[in-house]
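The block underneath contains the structure these notes are about, expressed in structure tokens.
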Amino acid sequence: MAKQSTFIAVMAFGMMVLSGCAENSSENMKNALGKDIAAQRAAGKEEMCPAITQFVVSPTNVKCGETVNLQIAGVAPAGADITYAWEIEGQTFDTGERAAWNTPTCATVGDPQRTYTVRGIISDGQCSVTQSVEVNVTCDCSSVAGGNADLIVHFAFAKASIEAAERMKLDEFAQKIIASPNYAIIIEGHTDYIGKEAKNKKLGQRRADAVRDYFVTQWRIDPGRFMTRSFGETAPIASNATKEGRAQNRRAEVFRVVLSTK
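Residue 82 in UniProt numbering sits at position 82 of the sequence shown, with consecutive numbering throughout.
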């Protein structure tokens with residue numbers, strides 16, 4: 001339930017790394033779609049709009065977490081400059097002619113199985129043209145519990161400090177983050193069920209923040225690439241009835257979210 005409620009936030013965060021500026025997406029939308037194309041056509045000026053000459057979204061049937069390749073090209077009258085953008089889930093981004101969309105997973109979205117409309121947009125600043133296609137994402141999240149995490153970091157009881165063995169795992173994973181600058185990173189903190197729920201919620205957040213801070217301070221990775229959140233005791237991956245199960249639940253999960261140009 002908690003992960004389902006964060007669908008919009010996760011999608012928006014994941015899309016923020018699409019080479020453009022998600023914070024300016026409303027302005028991008030205005031630039032791309034805000035021109036009165038109907039008025040131009042009514043005035044007999046339809047030929048003044050650019051034309052899409054290539055539009056590829058492939059594949060259109062994927063499993064969650066798989067990559068969809070995006071490509072668009074066009075021509076404009078009188079050789080005018082063209083800008084390219086893609087719109088997915090209401091977010092619009094300037095990308096250039098090629099981009100790649102890593103579809104959501106059960107780990108980053110509560111229920112990613114759905115049909116997504118992917119829209120390509122070309123504009124010459126005076127007129128814009130769009131083309132769209134539907135992408136079907138299928139997966140079974142019913143049996144997934146932490147299985148899609150790129151990295152799991154474990155913690156001692158009631159602690160948020162990172163132990164030596166876990167730091168080695170973070171050091172290795174940091175190399176992957178550095179090598180892939182278009183990845184955004186989501187870190188989720190979790191606890192076992194011992195203690196009050198409110199306290200565990202705070203502890204989970206401290207664990208997520210500790211992992212982020214390690215990457216930032218030890219590896220000088222841009223803090224803007226990270227999002228942290230806590231599920232406290234609400235998302236166990238093992239039984240809290242046993243000592244071993246509780247140890248597994250005291251964790252932070254690290255996910256890579258990709259929607260990048262290439």
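For each residue, glycine too, the CB sits at the ideal point set by N, CA and C.
This one's a predicted model, so the numbers in the text were calculated from it and none came from an experiment.
- With a cutoff of 8 Å on beta-carbon distance, I194 and F226 are scored as not near each other.
- Under the three-state reduction of DSSP output, G204 falls in the helix class.
- Between A160 and H190, the C-beta spacing is not below 8 Å.
- Pairing D222 with Q248, the inter-Cα distance amounts to about 29 Å.
- Straight across, the Cα-Cα distance linking Q113 with P104 is about 9 Å.
- Taking C-alpha positions only, C127 is separated from T83 by approximately 11 Å.
- In this structure, the CA atom of G65 is about 6 Å from the CA atom of N102.
- For E166, the three-state secondary structure derived from DSSP is helix.
- Under the DSSP assignment, Q54 falls in the beta strand (DSSP E) whose first and last residues are A51 to S58.
- Straight-line spacing of the CA atoms in V56 and N69 works out to 8 Å.
- The three-state reading of DSSP puts Q71 in strand, counting E and B together.
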